[in-house]
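Engineer: Okay, handing you the structure first.
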Amino acid sequence: MEIHHDNCGEGRPLLLWSSGDTGIAGRCIGNANASLDERCYAWASAADAWLIFPQNDGIYQQDNARCHTARSVCAWFEEHRDEFTVLPWPANSPDLNPIENLWDHLDRVVRSMDPQPRNLAQLATAMESAWLNISVNIFRNLIDSLPARLGAVRSAKGGYSGF
23 MEIHHDNCGE
33 GRPLLLWSSG
43 DTGIAGRCIG
53 NANASLDERC
63 YAWASAADAW
73 LIFPQNDGIY
83 QQDNARCHTA
93 RSVCAWFEEH
103 RDEFTVLPWP
113 ANSPDLNPIE
123 NLWDHLDRVV
133 RSMDPQPRNL
143 AQLATAMESA
153 WLNISVNIFR
163 NLIDSLPARL
173 GAVRSAKGGY
183 SGF
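Residue numbering for the sequence shown follows this note's numbering, beginning at 23 and increasing consecutively.
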């Protein structure tokens, strides 16, 4: 997720990466100075997968962002395919990805803060605080909504579904 907050005035995006499941809120990493590169993404993904699925029985879902589909990341996931399953994902499927709703929630929480963050460091702190205060029930509800999401996308023949 890239955030550009109007009040920060520095003209640079704040890059965030997150993960979550139905029991752990995951983590949120802000980096105002560099992009999240493929090696960092693969390492962070693996660390969370091993924490959440210590028996190697998890299914890992990600979208098709460039950092997720880079050759080095795909090779890394292939090398570790016995440790967790990576779910194949359609090329353009924002309605299926529950993290998009989570990003929207996070954005609304930060925009409602008073005072507003005034620089990237304050924005990173605000985002991290907002992330850590998201109820686990919100994660669970988003995951539980997947069957309805799939049905809505099917009904819309792959088009906009309202999720």
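Cβ coordinates follow ideal geometry from the N, Cα and C atoms, glycine included. Since the structure is predicted, the reported quantities are computational estimates derived from the model, not experimental observations.
Taking the beta carbon of V158 as the centre, do at least 16 other beta carbons fall within 10 Å, making it buried, or is it exposed?
Structural biologist: exposed
Engineer: Is I156 helix, strand or coil by DSSP?
Structural biologist: coil
Engineer: Tell whether a beta-carbon distance below 9 Å holds between N119 and D85.
Structural biologist: yes
Engineer: CB F106 to CB I81, shorter than 9 Å?
Structural biologist: yes
Engineer: For R140, count neighbouring C-beta atoms within 10 Å of its own C-beta (all shown protein chains included) and say buried if the count is 16 or more, exposed if not.
Structural biologist: exposed
Engineer: Quick check on the burial criterion: 16 or more other C-beta atoms within 10 angstroms. Buried or exposed for M135?
Structural biologist: Under this definition M135 is an exposed residue.
Engineer: For L145 versus V132, is the C-beta spacing smaller than 9 Å?
Structural biologist: yes
Engineer: Here's a check: name, in chain order, each residue in its chain whose Cβ is nearer than 7 Å to the Cβ of N163, leaving out the five neighbours to either side.
Structural biologist: none
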